[in-house]
Amino acid sequence: MDDDLADFIRRRTAEVPLRDGGRVVVRPLTPDDREALREGFSRLSDASRRFRFLAAKGAISERELDYLTNVDYCDHFAWAVFDPDEDMAGVGVARYVRASDDPTVAEPA
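Residue numbers (my numbering): 1145 to 1253.
Written out as structure tokens, the structure is:
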């Protein structure tokens, strides 16, 4: 990760307290999160996989991991959530992809 990207990520990283007294770390997703994303996918139930991918899915492909982790932080942005009390295990990801024909519209996921 180059210095500019590292600074961008650092300035947008926050520890967030939860109502139950726990905490999470929220920051922009980076290509370095590829294995955490793969691991998180492996922990999803079959029902969660069908809901998210609209089909039964045994594994996430390398191509999908490329798409999901190589964001440009403008037209395709993703927030990652980690549990600092569980060795920074991935908890979730939220993203948007801006419509190419209308930059005022984005699809959340």
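Here a beta-carbon is modelled for each residue, glycine too, at the ideal position from N, C-alpha and C.
DSSP three-state assignment for residue i, whether helix, strand or coil
i	result
residue 1211	helix
residue 1165	coil
residue 1247	coil
residue 1236	strand
residue 1227	strand
residue 1253	coil
residue 1196	helix
residue 1150	helix
Beta-carbon gap between residue i and residue j smaller than 9 Å
i	j	result
residue 1199	residue 1233	no
Residue i classed as buried or exposed, judged by whether at least 16 other C-beta atoms fall within 10 angstroms
i	result
residue 1243	exposed
residue 1248	exposed
residue 1162	exposed
Cutoff 7 Å; reference residue i; Cβ partners in own chain excluding five residues on either side
i	result
residue 1145	1174, 1176
Own chain residues within Cβ distance below 6 Å of residue i, not counting five before or after
i	result
residue 1219	1242
residue 1238	1223
residue 1157	1171
residue 1225	1168, 1170, 1235, 1236
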